[in-house]
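Protein chains in written order, with this note's numbering: chain G, 178 to 477; chain R, 18 to 304; chain D, -11 to 353; chain E, 6 to 415.
Cβ atoms here follow ideal geometry from the backbone N, Cα and C, with glycine treated the same way.
What follows is a set of notes on a single structure, which appears directly below.
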Amino acid sequence: MTDETNLVDGPRGPKPKRAFTRRNIFVYGTLLLFAVYYLLPLWVMVVTSLKGMPEIRMGNIFSPPVEVTFQPWVKAWSEACTGINCDGLSRGFWNSIKILIPSTIVSILIASINGYALSKWRFKGSETFFAILVLGAFIPYQIMIYPIVILLREAGLYGSLWGLVLVHTIFGMPIMTLLFRNYFTGIPDELFKAARVDGAGFWGIFIKIMLPMSLPIIVVAMILQITGIWNDFLFGVIYTKPDLYPMTVQLNNIVNSVQGVKEYNVNMAATLLTGLVPLVIYFISGKLFVRGIAAGAVKG
Amino acid sequence: MKNLNAKIASIPMIFTALVIFVGCTAWTIYHSFTNSRLLPNNNWVGFDQYERLWDTKRWIVSVGNLAIYGVCSLVISVIIGFVLAALLDRKIRFEGVFRSIFLFPFALSFIVTGLVWQWILNPEFGVQKVLQSLGWENVTFDPLYNPDLVIYGILIAGIWQGSGLIMCVMLAGLRGIDGDIWKATRVDGIKTWKTYIFVIIPMMKPVFVTALVLIASGIIKVYDLVLAQTSGGPGIASEVPAKYVYDKMFNAQNLGQGFAASTMMLVSVAIVLIPWAYLQFGGKKND
Amino acid sequence: MSNNMQSSISIRDLKLSFGSFDVLKNLNLEIGKGEFLVLLGSSGCGKSTLLNCIAGLLDVTDGQIFINGKNVTWEEPSDRGIGMVFQSYALYPQMTVKGNLAFGLKNAKVPKAEIEKRIARTAEVLQIESLLTRKPAALSGGQRQRVAIGRALVRHVDVFLFDEPLSNLDAKLRADLRVEIKRLHHQLKNTMIYVTHDQVEAMTLADRIAIMKGGVVMQLDSPSIIYNRPANKYVADFIGSPAMNFYQGTLDKDNNFRGDGLSLSVTGYPFEEGRVAQNQQVWLGIRPEHIRSADAAQQCAVQMGAIVELVEPMGSDTQIWSVVDKQNYRFRVDGQTEMTEGDSIRIGFDPENLSLFDRDSELRL
Amino acid sequence: MKMIKKLLAAAVLTGLSSLSSATELEVSHWWTSGGEAAAVTELAKAFDASGDKWKDSAIAAGGGGAAAIIISRILGGDPMGATQLNHGRDAEELIKAGLLQDLTDVAEKENWREIIRPSSLLDSCTFEGRIYCAPVNIHSPQWLWLSHKAFKDAGIPVPKNWSEFIAAAPALDKAGKLPLAVGQQAWQSNLTFNAITIAISGLEPWKKVYVDKNAEVAGGEEFKKVFEAADQARKISAKGKMQDWNAATAMVIKGDAGGQIMGDWAQGEFQLAGQVAGEDYTCLPGLGVTEMISTGGDAFYFPVLKDAEQTAAQKRLAALIIQKDTQVAFNLKKGSLPIRGDVDLETANDCMKKGIKILAGNNVLPDLSQVISADTMSDLEDLMVEFWNDPSMTTEEAQERFVKVIARAD
């Protein structure tokens, strides 16, 4: 108050920031370094798949193609051979779609019913079953593979599409159920009670109230299941026949059945094609994907 | 009857829990004590399969590999995951872009991951060749063809695929920390790295435990990655238990042996899981 | 270097923007040595932001901050000679109480013996000696906040910053700890800046209160002035519970107020010097406790008949909602009142207790 | 849009084809290399020409892995119409479980007993007097394939037997060639070892160990020599980095490798590359030491199916496989030997003729898969693949573990 002039001296406003502080160089440097590590394989896949074989033999795997060719992609998609079938990955792609759609729908439907029953209609023993289910997520699949072959055979489902759908539903159930149970637990009981007072029953409340409210969690569940089912290899190879082999299995077949020279460019194109669906889902869903895996973090 | 509909609706869940998770596991454990070959039988042979299992070099190598892969991937994933999360948490520009980059491999399957890294580590075309053509003529970098290093070659790929998830978990943990804590340390004049080590990391114990369980339960299932990247080779240098189980059950047509191996896998999961369950559920009383 | 000795903290033309949004707008504030200043306002008014700027936890967009005559605008928080107490306590959960108190000191390389001495002294002042070996999780909310205060105390600094320290506590503890803080202030005579949205805390603790709104200080004065002579309608409305009664109307040159069914002369009203209503449109405000009823109303300069609409017994007193000519008059009577709904009563007040505000500028007349 | 049209067209086509009277049979096999695929196409053509429909279902996982998938499908109750399977002990339990079709009536009608040579082939298809499989070719794994180009580049003559080959290795190495190409898959290590065994130890010790499971012999002097020879082989193959057998064969074809120990199916690859036996490459059965070959080979099994139409088609396919024309067409492409003595293989090349001669002299021994179980086989493969790829494993250690496997074998 007293001496204005004295006070106006010295620093004023924001602390000056230099762009290249040690801290910034460290932070961004480290991040960039890791970004390179994560992006490099993607880059290598893309450039390799666009080169011709001679160029691959001569050149550097990291360098961009001198002459861009889409032939490897065409070959990977529709011409690569396994045995005398030379229809490329396309069959596996459609198989994966065929497996994906019913598996996703059935597993989410059943898991949402489970979650609903577990959160709002607890009965004696329901928590025990749920505990077993969640612990089941940690059991190595290997221990259950063979008995399931027997069960499917007895049910007449072995090798069929629905057999695989069943397997995906079963192994997706722990995490999916957990997801829905937690979500439905968050929906106020009052709403549920009000509906019961209004005379709605188990299914009525589920269909008319719970399902419409659970759209966000269904999206999260779908992202989880679509990437999970698409990326599955083990169940596809054990529980289906070559007719129904999903894309991952076919990818492995194509890459491993060498006729003459290994065509790395075709292999990389095939690899990229197989990874494309989950990648697209990932980049479209963005934050929801993160939410999904955060929610599924207890999965295992 | 009360809740009849709920019970009917829960039949799939009850079936899965009891028949699949409990029933199938018990069935396999029981048959691991038989000499089942191509088809399961009931000829009880006690611990013969287990004796043979632990007398088999390939199984020992598999378990050893799993141990190396497991410990390294636990340590490295947690370190990378935490460092990246901490850096992303420093109010940086392009956070979303970086996050997307670090996480995208998680959307890819192990088969795809294995094939890409097989290609990059291919000594004829990959990193080794690039290094050599850059003038380091004598450099050898062919982890996938060196029995002593192959498991680390797989590790590079495994970490590439999975560490983004750990970063996400860690980031969620960091974001969950009360901002006032950070302010308090600034007022106290604590350096950033000291704050992480003495304050933040101790506070994130549950997050670390979750991350560890996540990684651990994923590690034991490693199969696709090895299959795609090395098929267990060179020799048996990169074999893993899950592959042993599969090969013995289906290729060698020795179910009993496969069952014994898978039972051992279950035991090792239990060894990881029980302390976690104890920490997670037993630890709550102290909070 | 400064002859500004009586001023502990001065804030000059402080501005803070997030993007295009100004959180603090050209703020100027002088806080004297040993003063207890409360920053009061509803959430989003910028009070916590201001505190964080003083602490150095936020970088300012423009302006300067001086603490003890030293320009600290660019200084790190730990170098500003401040201690801070947070709403969420922000104790380090993995350390014992003693560890919490010692952590900053150890880090500043204070000698061990000195640390021990300071902790012992602080523990004694705050009566937390018995808690020193416990971890924060084993403490009650009140105990935690004492430790948090202790952490500021051991730093031996002249300025204490409190960021809504009592908000997470239940009502009774809050009252207890409030007294404690006041006692502490008397004992230590430090400068204290205290952010709260609770007007009771503000009124009881403050030497001066700064009422903030939209990044601007609306009024900076002692609690009694703020209460009795609010500088504008916002402050008048914000302070006091139940809130002030307001009526619209016009004020003619002869100091006659007309409007909202009221017609009275405000002769005796203490006008602010030089302030006149621009076009005679004004707000008239009267605090509920200044409205008298029954016999007491007979002594008032302004009187009228009212109907009791609602009776709200609060224990020690009772709030009455009454109606005069469709206008509400809220006031307070003794807890033992026998008034019931529908009663016809007389109410009244004196012009010197009124507040008048210009309708456009909302400033006190 | 184009895609959808294509799909529709495909759907219509498959719909139409199922309308015709042809019965479609799904046939599983693991013939995925170039030469193999060419051979299997012959079978498919013949079957389609006979009015039925061959539905190809190739499994690219190498013999072992493919067998796993095939067997689990049969066990899983959703079998294919016909499947390749190593005839031998693989199938025993499946037969016992009643999962495989009895072909005795076909065999009698087509007079298989008379035609099929050597008769041991049919014996291994026989279980308790009934016949369960149709042998399609004879494969002998004990061949050494040598690249003329490689030796020419190294400036040395093409060796005539295993010991000459070993002696030539340093020269090849000096010329920048890989002396011996061995794919890294386990079955290849085992095959290579087994071929060396027969060449080094001779017949009797081999039989004692593999047929009689005599652990003493396995630990004895003769096998010590075998392991030492194998050690030499592993040293001169150490620089190879390929997985698949045909990748190794490709190196021999190109002249980048001196030789490869592989079955006669490698023949198909040379042929496909347009190479001529005796000019571009040399083949040495029994590694040029013991002119013996084992009569293993591929055979088709026919899982029991419910549909009578399909069962009939299965039998038609079984009969077709044995027929002369099919045998010639298939085996010429495959590079394997036909399963009947009366076919005319005028067009066969040097190597095949060598094989036929050995066969005619009845210098045959049983195939490994006929005398040991899949379990023992997998133990052996695990051991061999490790031995082959881990230079630090001594011959003593390997032999010790080998004895253990043989002692446990069944």
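DSSP state of residue i mapped onto helix, strand, coil
i, result
"E:S25", "Confidence at E:S25 is low in this model, with a pLDDT of 44, below 50, so its placement is unreliable and the value that follows should be read with caution. E:S25 falls in the coil class under three-state DSSP."
"E:G68", "Reliability of the predicted coordinates at E:G68 is poor, the pLDDT of 45 falling under 50, and no value is obtained from them."
"E:E314", "helix"
"R:G173", "For the record, residue 173 of chain R in the displayed sequence is Ile; it is not Gly. Correct three-state label for R:I173: helix."
"G:W380", "helix"
"R:T51", "strand"
"D:Q82", "coil"
"R:G179", "helix"
"D:N16", "strand"
"D:E311", "Checking the sequence, you will find Val at residue 311 of chain D rather than Glu. Three-state result, D:V311: strand."
"E:P184", "strand"
"D:N244", "strand"
Where residue i falls, given that 16 or more other Cβ within 10 Å makes a residue buried
i, result
"R:V286", "buried"
"D:H174", "exposed"
"D:M(-11)", "With a pLDDT of 38 at D:M(-11), under the threshold of 50, the modelled position of this residue cannot be trusted; read the value that follows with caution. It counts as exposed."
"R:L105", "buried"
"R:N303", "Residue placement at R:N303 is flagged as unreliable, the pLDDT there being 42, under the threshold of 50; a coordinate-derived value is accordingly withheld."
"R:I25", "exposed"
"E:W59", "buried"
"G:G363", "exposed"
"D:R143", "buried"
"E:G67", "Low per-residue confidence applies at E:G67: pLDDT is 49, beneath 50, and the placement is therefore not dependable, though the value from the model is reported in the following sentence. Buried, by the Cβ-count rule."
"G:N408", "buried"
"E:T37", "buried"
Neighbour list for residue i in chain G, Cβ cutoff strictly below 8 angstroms
i, result
"D:D50", "R189, G190 and P191"
"R:F50", "Under the 8 angstroms cutoff, chain G gives no residues; its nearest Cβ is about 14 angstroms from R:F50."
Closer than 7 angstroms: residue i CB and nearest the ligand GTP heavy atom
i, result
"D:A231", "In terms of ligand content, the structure shown is empty, and the ligand GTP therefore cannot be addressed."
Chain E residues whose Cβ lies nearer than 7 angstroms to that of residue i
i, result
"G:I415", "S77"
"G:G336", "R78, G81 and D83"
Residue i: contacting residues in chain G (beta-carbon distance under 7 angstroms)
i, result
"D:W62", "P188 and K192"
Amino acids of chain E, ordered along the chain, whose beta-carbon sits closer than 8 angstroms to that of residue i
i, result
"R:Q270", "I76, D95, E98, S378, A379 and D380"
"R:G250", "Q189, Q190, Q248, V390 and N394"
Within chain E, partners of residue i - CB distance below 9 angstroms
i, result
"R:A254", "E391, N394 and D395"
"G:L341", "Simply none; closest approach about 12 angstroms."
Interface residues of chain R facing residue i [CB-CB closer than 9 angstroms]
i, result
"D:I70", "V204"
"D:L45", "W199, K200, R203 and V204"
"G:N408", "A124, L125, S126, F127, I128, V129 and D241"
According to DSSP, residues forming a beta bridge with residue i
i, result
"E:L151", "E:G264 and E:T287"
"E:Y306", "E:T88 and E:C138"
"E:E31", "E:K60"
"E:D83", "E:D83 is not bridged to any residue."
Under 9 angstroms by beta carbon: chain G residues contacting residue i
i, result
"R:Y295", "Per Cβ cutoff of 9 angstroms: no residues; R:Y295 is ~14 angstroms from chain G at best."
Listed by chain order, chain R residues near residue i by CB distance under 7 angstroms
i, result
"G:T448", "V129, L132 and V133"
- Task: State whether the region 292 to 302 of chain E contacts the region 197 to 209 of chain E, with contact taken as three or more CB pairs (one from each stretch) at a distance under 8 angstroms.
- Result: Contact between the region 292 to 302 of chain E and the region 197 to 209 of chain E is present, because at least three Cβ pairs lie under 8 angstroms.
- Touching by the beta-carbon criterion (3+ pairs, under 8 angstroms), the region 271 to 278 of chain R and the region 160 to 173 of chain R: Between the region 271 to 278 of chain R and the region 160 to 173 of chain R, the count of Cβ pairs shorter than 8 angstroms is below three; the stretches do not touch.
- Using 8 angstroms as the threshold, is the region 179 to 198 of chain E in touch with the region 230 to 243 of chain E, meaning 3 or more CB pairs across them? The answer is yes - the region 230 to 243 of chain E touches the region 179 to 198 of chain E, with three or more Cβ pairs under 8 angstroms.
- Query: Taking one C-beta from the region 325 to 332 of chain D and one from the region 288 to 301 of chain D each time, how about it: are there three or more such pairs within less than 8 angstroms?
  - Reply: yes
- Message: Assess contact between the region 147 to 156 of chain R and the region 88 to 101 of chain R, defined as three or more Cβ pairs (one per stretch) separated by less than 8 angstroms. Is contact present?
- Response: no
- Any 3 or more C-beta pairs closer than 8 angstroms across the region 155 to 164 of chain E and the region 202 to 222 of chain R: no
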